[in-house]
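Novice:
Residue numbers (this note's numbering), protein chains in the order written: chain Z, 29 to 261; chain X, 128 to 234.
(1) First and last residue of the alpha helix (DSSP H) that includes residue 170 (chain X)?
(2) With a threshold of 16 other CB atoms inside 10 Å of the CB of residue 156 (chain Z), please say whether the residue is buried or exposed.
(3) Where in the segment 62-89 of chain Z do unbroken runs of the beta strand (DSSP E), each at least 3 residues long, occur, reported from the N-terminal end onward?
(4) Using a Cβ-Cβ cut-off of 8 Å (strictly less than) and excluding sequence neighbours within five positions of residue 68 (chain Z), which residues of its own chain qualify?
(5) Is the separation between the beta-carbon of residue 65 (chain Z) and that of residue 185 (chain Z) shorter than 8 Å?
(6) Between the segment 120-138 of chain Z and the segment 147-156 of chain X, do three or more beta carbon pairs fall short of 8 Å?
(7) With 8 Å set as the bound, which would you pick, yes or no: does the beta-carbon of residue 162 (chain X) sit closer than that to a beta-carbon of chain C?
(8) I'd like to confirm the pairing. Which residues does DSSP put opposite residue 150 (chain X) in its beta bridges?
(9) So with CB distances below 9 Å, who are the chain Z contacts of residue 197 (chain X)?
(10) Is it right to say residue 106 (chain Z) is buried, meaning 16 or more other beta carbons lie within 10 angstroms of its own, or is it exposed?
(11) 8 Å is my cut-off, CB to CB: does residue 37 (chain Z) come that close to chain X?
(12) Taking only three categories from DSSP, how would you classify residue 145 (chain X)?
(13) Under a Cβ-count criterion, where at least 16 other Cβ atoms within 10 Å of its own Cβ denotes burial, should residue 238 (chain Z) be classed as buried or exposed?
(14) With 8 Å as the threshold, decide whether the Cβ of residue 181 (chain X) is near any Cβ in chain Z.
(15) First and last residue of the alpha helix (DSSP H) that includes residue 201 (chain Z)?
(16) What does residue 157 (chain Z) pair with, by DSSP beta-bridge criteria?
(17) Secondary structure at residue 192 (chain X), three-state DSSP: helix, strand or coil?
(18) Taking Cβ-Cβ distances shorter than 8 Å, what residues in chain Z pair up with residue 185 (chain X)?
(19) What residues from chain Z crowd round residue 136 (chain X), counting only those whose CB sits closer than 7 Å?
(20) Chain Z partners of residue 217 (chain X), CB-CB under 8 Å?
(21) If you measure from the beta carbon of residue 193 (chain X) to each beta carbon in chain Z, is any gap under 8 Å?
(22) Going by DSSP in three states, residue 144 (chain Z) sits in which element: helix, strand or coil?
(23) Kindly indicate the opening and closing residues of the alpha helix (DSSP H) around residue 220 (chain Z).
(24) Could you please give the first and the last residue of the uninterrupted alpha helix (DSSP H) stretch that includes residue 118 (chain Z)?
(25) Can you list, in chain order, the residues of its chain with a C-beta nearer than 8 Å to that of residue 31 (chain Z)? Leave out the 5 residues immediately preceding and following it.
(26) How long is the line joining the alpha carbons of residue 234 (chain Z) and residue 174 (chain X), rounded to whole angstroms?
(27) Could you check if residue 113 (chain Z) is buried or exposed, using at least 16 other CB atoms within 10 Å of its CB as the buried criterion?
(28) State the beta-bridge partners of residue 187 (chain X) as determined by DSSP.
(29) Can you tell me the Cα-Cα spacing of residue 154 (chain X) and residue 233 (chain X), whole angstroms?
(30) How big is the Cα-Cα spacing for residue 241 (chain Z) and residue 251 (chain Z)?
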C-alpha cells in the first residue's frame, strides 16, 4: 500500500458515504419487517435476523417460507443460494483490503451487501489509508439503518398502506442504476463497459428463462465479467 | 418477546451459509497475489453485478416477467438521465422515487 499517493479516509466519511443508500434500505427493511411480523416472528427474532442474516431478499424469503411452513433445512438451503452472489462481491473487494488482517477482512465481509459493495467498489482504489475505518463507518451505518427499518416495519406496518404509491419501492433499483452509472462515468472505458452492460442484461434475460432470479443475477454477472475480462489486453 | 427453537435453527443456519460467501474470498484473496486474468475478471464484477441487479428489479417481479407497460420500466430513463447528469447517488435515488411515484399516478 502506497501511503504517499493515498487519500486518508475516516469512519465519519464512511458514514457520510452511506447516506444515499439509507432511503433504499429504509423502505426495503420496512417492508421486510412487515412480512416478518406477519410470518409470526417476535420483535426480538426480527432484530436477531436483521443482525445476523442481514440480507434483504433472504429475509423476505425466510419469512415467506416460514409462513408456508417450510422445514428449517430447506429455508437454509434457499438462503445459501440467494446469498451466493456475495462470493463475487467479496472477491472483487479483496484486493482493496489486501493490507489488512484476516480478522479485519472477516469483519468487513460479514457486513457486505449489494449496496455497500456498490459504494465501496466506486470509492476505493486500494491506495487509501484507513480504508478499513471508512468501510466500518459505511457498514455499521448501513446495518443500523437496516435493523431500525425492520423493527419499524414490524411495529408500524399495519398503519402505512401501499408504499408503492409513493414510489419508495424504486429507491433500490434507482440506487443500482446510480452505482452502475458512477462506475461507467468514472473509468471512461465506454466501449468495454457497454459490452459488460449488454452481456449482463442479455445474460440475465436468458438465464431467467431457466433459473430463479437470484441465480440468474449471478450467472449474468459472471458472464458479463468474463466478457469484460477477455476484451482486456 | 420470545425465540422459538425452530426459528433458532433457521437463524443460525442461514447466518452461517450467508457469512461464508461474504467473508471467505476477502480473507483468502487478501493473502495471495492474484493471477492477471483473475484481476481482470474481478475488475468487471462491480458493473456486472450492479447491471444484473438493475435488470432483475426492472424486468422481473418475483418469479414472473414484468408487463411491458410497467411504470418501473419507464422510470428507468429519467433516473438514468439524472445519474449521468448529476453523478450524485442521492439525487439519483430521489429522482427514481419521484419518477416512479409520478408514473404510478399517471399510468
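Glycine residues also receive a C-beta, built at the ideal position from the N, C-alpha and C atoms. On a predicted model such as this, the values are computed, not experimentally measured, just so you know.
Specialist: Checking against the coordinates, here is how it stands:
(1) Sequence index remark: in the second chain, residue 170 (chain X) carries index 43 (1-based). For residue 170 (chain X), the enclosing alpha helix (DSSP H) starts and ends at 163-170.
(2) Stepping through the first chain from its first residue, residue 156 (chain Z) is reached at position 128. With 16 or more other Cβ atoms from the protein chains shown falling within 10 Å of its own Cβ, residue 156 (chain Z) counts as buried.
(3) Taking only runs of at least 3 residues, no beta strand (DSSP E) segment lies wholly in the segment 62-89 of chain Z.
(4) Taking the first chain and counting its residues from 1, one reaches residue 68 (chain Z) at position 40. 94, 95, listed in sequence order.
(5) If you number the first chain from 1, residue 65 (chain Z) lands on position 37. If you number the first chain from 1, residue 185 (chain Z) lands on position 157. Between residue 65 (chain Z) and residue 185 (chain Z), the C-beta spacing is below 8 Å.
(6) They touch, by the three-pair rule.
(7) Chain labels in this structure do not include chain C; the protein chains are Z and X.
(8) Residue numbering aside, residue 150 (chain X) sits at position 23 when the second chain is read from its first letter. According to DSSP, residue 150 (chain X) bridges with nothing at all.
(9) As a working mapping, residue 197 (chain X) is identified with position 70 in the second chain. For the C-beta of residue 197 (chain X), not a single chain Z residue is nearer than 9 Å; the gap to the nearest is close to 11 Å.
(10) Indexing the first chain from 1 puts residue 106 (chain Z) at position 78. Residue 106 (chain Z) comes out buried.
(11) The residue labelled residue 37 (chain Z) in the question sits at position 9 within the first chain. No, residue 37 (chain Z) lies away from the interface with chain X (no Cβ there is under 8 Å from its Cβ).
(12) Here residue 145 (chain X) corresponds to residue number 18 of the second chain, with the count starting at 1. Residue state, collapsed to three classes: helix.
(13) Here residue 238 (chain Z) refers to the residue found at position 210 when the first chain is read from its first residue. Answer is exposed; the Cβ neighbour count stays below 16.
(14) Here residue 181 (chain X) is taken as the residue at index 54 of the second chain, counted from 1. It does: the Cβ of residue 181 (chain X) has a partner Cβ on chain Z nearer than 8 Å.
(15) Working through the first chain from its first residue, we reach residue 201 (chain Z) at position 173. 199-215 is the extent of the alpha helix (DSSP H) around residue 201 (chain Z).
(16) Counting from one through the first chain, the residue named residue 157 (chain Z) turns up at place 129. Residue 157 (chain Z) is bridged by DSSP to Z:36.
(17) As a first step, residue 192 (chain X) must be located in the second chain, where it is residue number 65. In the structure shown, residue 192 (chain X) sits in a strand (DSSP, three-state: E or B).
(18) Start at 1 with the first residue of the second chain, and residue 185 (chain X) comes out as number 58. Neighbours of residue 185 (chain X) on chain Z, chain order: 201.
(19) By one-based count along the second chain, residue 136 (chain X) stands at place 9. The contacting residues are 100.
(20) As a working mapping, residue 217 (chain X) is identified with position 90 in the second chain. Within 8 Å Cβ-Cβ: 47, 48.
(21) Mapped onto the second chain, residue 193 (chain X) falls at position 66. Interface residue (Cβ-Cβ distance to chain Z less than 8 Å): residue 193 (chain X) is not classified as such.
(22) Translated into positions along the first chain, residue 144 (chain Z) becomes position 116. It is helical.
(23) For the purposes of this step, residue 220 (chain Z) is identified with residue 192 of the first chain, where counting begins at 1. Residues 218-235.
(24) Taking the first residue of the first chain as position 1, residue 118 (chain Z) is located at position 90. Where residue 118 (chain Z) is concerned, the enclosing alpha helix (DSSP H) stretches over 114-121.
(25) Taking the first residue of the first chain as position 1, residue 31 (chain Z) is located at position 3. Since pLDDT at residue 31 (chain Z) reaches only 43, below the 50 mark, its modelled position is unreliable, and the value read off the structure follows with that caveat. Once the five neighbours on either side are set aside, the close Cβ partners of residue 31 (chain Z) are 157.
(26) On the first chain, residue 234 (chain Z) is found 206 positions in, with the first residue counted as 1. On the second chain, residue 174 (chain X) is found 47 positions in, with the first residue counted as 1. In a straight line, the C-alpha of residue 234 (chain Z) is about 18 Å away from that of residue 174 (chain X).
(27) By one-based count along the first chain, residue 113 (chain Z) stands at place 85. Buried.
(28) Here residue 187 (chain X) corresponds to residue number 60 of the second chain, with the count starting at 1. Its beta-bridge partners are X:192.
(29) As a position in the second chain, residue 154 (chain X) is number 27, starting the count at 1. As a position in the second chain, residue 233 (chain X) is number 106, starting the count at 1. Going by the C-alpha atoms only, they are around 49 Å apart.
(30) Within the first chain, residue 241 (chain Z) is the residue found at index 213, counting from 1. Within the first chain, residue 251 (chain Z) is the residue found at index 223, counting from 1. The straight-line gap from Cα to Cα measures roughly 15 Å.
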